[in-house]
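> Going by my numbering, the sequence shown opens with residue 131, and the numbers climb by one from there.
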Amino acid sequence: MRIILGVGGGIAAYKVASLLRLFTEAGHDVTVIPTDAATRFVGTATWEALSGNPVSNSVFDDVDKVNHVRLGQHADLVVVAPATADLLARAAAGMANDLLTGTLLMASCPVLMAPAMHTEMWHHHATAANVATLRGRGITVLEPASGRLTGTDSGAGRLPEPADIFTAAIAAHDSAHAAAESPRGSLAGRRVVITAGGTREPIDPVRYLGNRSSGKQGMALAVAALAEGATVELIVAQIEVPAPDGVELVQVETAEELRTATLRAAKQADALIMAAAVADFRPAQATLTKIKKRADGVDPVITLVRNPDILREAVEHRAAAGAGPVIVGFAAETGDLTAHPLDHAREKLARKGCDYLVLNQVGGGKVFGLDDTIATILDAAGAEPVEVIGTKAEVATAVVARVAAALAGRG
Ligand code: CTP
């Protein structure tokens with residue numbers, strides 16, 4: 131799962147490095163958000179190295195990614211340790227004056243806070259009131275441990291042991307899920323990652339290489355997966371239709387960005403459906419300034435280089451890990467003088483190594499941007515191809531049904 135680990139500005143911050151290790155070794159994807167004060171105790175380099183993810187604590191870093199909104203929205207669990215008296219106060223007051231408190235306001239997932247401070251601070255009426263407020267909102271605030279504190283004093287206020295915080299955090303997450311209304315549908319409890327739309331490859335600041343993908347098929351797949359109770363992460367490049375409500379939306383532009391987002395998301399997914407139209411080539415170099423017409427009449431030559439094959443890489447990563455998502459590819463084929471579209475699709479299914487390939491026959495105005503389509507679903511396990519003639523929603527329902535059946539078959 132995706133965990134946000136908020137680190138407060140207390141000396142116990144150093145113990146949180148062990149907590150982070152426990153989470154990552156259990157296979158969780160952890161993003162650390164230290165407060166400014168926390169970085170005086172343990173530097174961001176430590177958190178980056180141990181989590182394998184970039185670390186920031188300012189809402190003004192990577193503004194284009196709107197991190198103060200995105201991180202909280204996408205988290206499955208938020209853990210704050212050490213939760214200092216100041217951090218508890220700011221969280222109780224609903225402040226959002228740094229990335230961590232902003233994230234806490236955005237998070238709708240379970241939140242656990244592990245306090246650490248001096249005994250007097252812990253017993254102060256202000257802290258007690260803040261803890262009561264937070265607990266009243268459903269946040270798990272652990273009792274601090276008792277024992278030796280930073281100086282010569284001892285008493286209640288020590289950070290609980292990392293192993294205890296780990297166990298309590300996982301339990302808080304699991305019980306919140308068990309208590310939540312158990313969703314129905316063939317993909318209930320499953321995480322489905324869908325890519326959609328067409329990538330854009332910059333030539334210069336104003337021009338790009340693009341394609342005609344509208345994103346409609348990807349949106350229809352997201353709707354169909356949501357209807358079956360799945361948690362859907364939708365990674366979109368350029369789309370002409372709005373994304374449905376209820377998905378975790380990730381916006382990308384280029385094939386390289388799509389690759390990073392997809393391979394990361396695939397690690398946590400039960401199914402990966404690659405409906406995006408990925409540019410096979412990109413300009414070798416995007417110029418920093420606009421390419422102008424030259425007075426000497428010499429026109430520019432744009433050299434293209436090949437983009438990575440994301441679908442193939444996802445299949446390879448799954449093979450290397452020994453387990454992973456059911457993977458579905460799409461292929462738009464025209465056929466040619468030597469081969470029928472179905473022959474090209476069979477060859478592509480074998481070459482890409484995915485479990486299913488959805489063939490759309492294109493050309494002559496078919497498929498791109500239209501609502502109706504003819505699709506054939508090919509199965510790598512050898513089942514007869516299934517043809518679906520109808521709307522993109524009907525194709526999506528058929529694809530999602532295959533995915534659900536494959537997952538049910540795995541148990
Ligand atoms: N795809 C991908 N990465 C690429 C190109 C395509 O992941 N660089 C995915 C698409 O999302 C789609 C599938 O691969 O699910 C097939 O896309 P297509 O463009 O038809 O495949 P290509 O490998 O580019 O085949 P062709 O030889 O026909 O260009």
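For each residue, glycine too, the CB sits at the ideal point set by N, CA and C. It should be emphasised that the depicted structure is a prediction, and the values quoted were computed from it without experimental measurement.
With three or more beta-carbon pairs closer than 8 Å as the criterion, would you say the region 435-446 touches the region 385-392?
yes
> Between Pro212 and Pro245, which are expected to be in contact by the criterion C-beta below 8 Å, what is the C-beta distance as a whole number of angstroms?
Right, their Cβ atoms sit about 7 Å apart.
> Under 8 Å by Cβ, that's how I've got Gly359 and Ala405 pegged, so tell me the actual separation to the nearest angstrom.
Contact flag wrong, Cβ pair sits at about 20 Å.
> On the three-state DSSP scale, how would you describe Arg436?
strand
> Does the distance from the C-beta atom of Lys420 to that of Asp334 stay below 8 Å?
With contacts defined as CB atoms closer than 8 Å, Lys420 and Asp334 qualify as a contacting pair.
> Nearer than 7 Å: is that true of the beta carbon of Phe296 relative to any heavy atom of the ligand CTP?
In this structure, Phe296 has its beta carbon at no less than 7 Å from each heavy atom of the ligand CTP.
> Taking 7 Å as the line, does the beta carbon of Ile365 fall inside it for any heavy atom of the ligand CTP?
no
> For Asp400 and Asp228, I'd like the C-alpha separation in whole angstroms.
34 Å
> State the start and end residues of the unbroken alpha helix (DSSP H) segment that holds Asp473.
471-482
> Within its chain, find whatever has a CB closer than 6 Å to the CB of Leu215; leave out the 5 residues flanking it on each side and keep chain order.
According to the sequence as given, residue 215 is Ala; it is not Leu. When the five nearest sequence neighbours on each side are left out, the beta carbons in the same chain lying within less than 6 Å of the beta carbon of Ala215 are those of Met247, Met251, Thr257, in order along the chain.
> Taking only runs of the alpha helix (DSSP H) that begin and end inside the region 325-407, which ones reach a length of at least 4 residues, in chain order?
346-357, 385-396
> Give the straight-line distance between the Cα atoms of Glu517 and His158, rounded to the nearest whole angstrom.
39 Å
> Val162 lies in the beta strand (DSSP E); which residues open and close that run?
159-164
> Taking contact to mean at least 3 C-beta pairs separated by less than 8 Å, is the region 315-326 in contact with the region 262-272?
no
> Can you give me the C-alpha to C-alpha distance between Asn197 and Val189, rounded to a whole angstrom?
Going by the C-alpha atoms only, they are around 7 Å apart.
> Determine which residues share a DSSP beta bridge with Ser284 and list them.
Arg278
> Quick one, which of Ala367, Asp410, Ile369, Glu363 has its alpha-carbon nearest Gln398's?
Glu363
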